[in-house]
Every structure is written in structure tokens, then in C-alpha cells.
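Each residue of the sequence shown is one higher than the last, beginning at 1 in the UniProt record's numbering.
Here a beta-carbon is modelled for each residue, glycine too, at the ideal position from N, C-alpha and C.
Please read all numbers here as calculations on a predicted model, not as lab measurements.
Structure, as C-alpha cells:
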Amino acid sequence: MKITLDNAIHYTWGDGCDGWFLLKSPGLTVIQEKMPPGTEEKLHYHNKTQQLFYILSGMATIIIDDNEYRVAPGEGFHIPPGKKHRIRNREESDLHFIVISEPESHGDRINAED
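Have a look at this one:
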């Protein structure tokens, strides 16, 4: 089945961020996301889920274990299960990326801050 942003399941999160499920199954999810300038997700972790963030456009700041990493277009970043993390867009343009989760992360997210 051909999947595009026009026919993918869409959701919003955070402060004006968008997500599209390109693949949604219990064992694997692939989501394309868009974060406007100045947005970030809450610090959290997953007990069972590993994730790969792959940047399409914009510059991401990924925080894991109190360390910050800048991730450019064409680069990816792996988050193992149990690691506290968040992604930020500190730039002046939208951040577009793919996040691959195995198994699915929805239902396996523990917020580490209020």
C-alpha cells in the first residue's frame, strides 16, 4: 500500500507539532514528525522501546543522559530502551524527521518530568 502524508493517520502533540503514522503495528512504528521553531518534547523514557530518529530537514538537538547532541539532515540517532531523552528544535525553521520505534512506543512512554 502506498503511504503519503495525505493518507497517513495524522495526530498533533506538544505545542503545534505534527505526526503522521507511516507504519503502525505493535512490533514497529514509523512516524514522520514536524516540530515548529522553539518546540520540544518532555523528557521521557521507554522501558521496552528502542528508537531511531532520522533527520530529514532542519537541525535537531537530542538530549540523552544530560548530554546534548546536534543531529543534522541525513543523520540518525539511536535511543536504547530505558534512556531518558527528548528532542528539541532550537532553530528558526521547522524540523522534519522520521522516528522508528521497535516495538511501538505508544503505551510505553514514562514522563520523567511534569
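Residue i in three-state terms, based on DSSP
i: Thr39; result: coil
i: Glu104; result: coil
Beta-carbon proximity check, residue i vs residue j, cutoff 9 Å
i: Ala112; j: Tyr69; result: no
i: Ile87; j: Ile110; result: no
i: Thr12; j: Asn89; result: no
i: Asp94; j: Pro36; result: yes
i: Leu28; j: Ile3; result: no
i: His6; j: Asn47; result: It is worth fixing the name first, because residue 6 is Asp in this sequence and not His. No, Cβ-Cβ distance for Asp6 and Asn47 is not below 9 Å.
i: His96; j: Glu33; result: yes
i: Ile98; j: Ile9; result: no
i: His85; j: Gln50; result: no
i: Leu43; j: Ile100; result: no
N-terminal and C-terminal residue of the beta strand (DSSP E) that residue i is part of
i: Thr4; result: Thr4 -> no beta strand (DSSP E), and no H or E assigned at all.
i: Leu28; result: Taken as a continuous stretch (DSSP letters only), Leu28 belongs to no beta strand (DSSP E), as it is neither H nor E.
i: Gly14; result: Note, Gly14: premise wrong, no beta strand (DSSP E); not H, not E.
Any non-hydrogen atom of the ligand GDP closer than 8 Å to residue i Cβ
i: Pro36; result: The model depicted lacks the ligand GDP and carries no ligand whatsoever.
Checklist entry - Is the region 49-64 close to the region 72-86, with three or more CB pairs under 8 Å? => result yes
Checklist entry - Could you give the uninterrupted runs of the beta strand (DSSP E) lying entirely in the UniProt domain "Cupin type-2" (34-100), keeping only those of 3 residues or more? => result 50-57, 60-64, 67-71, 76-79 and 85-88
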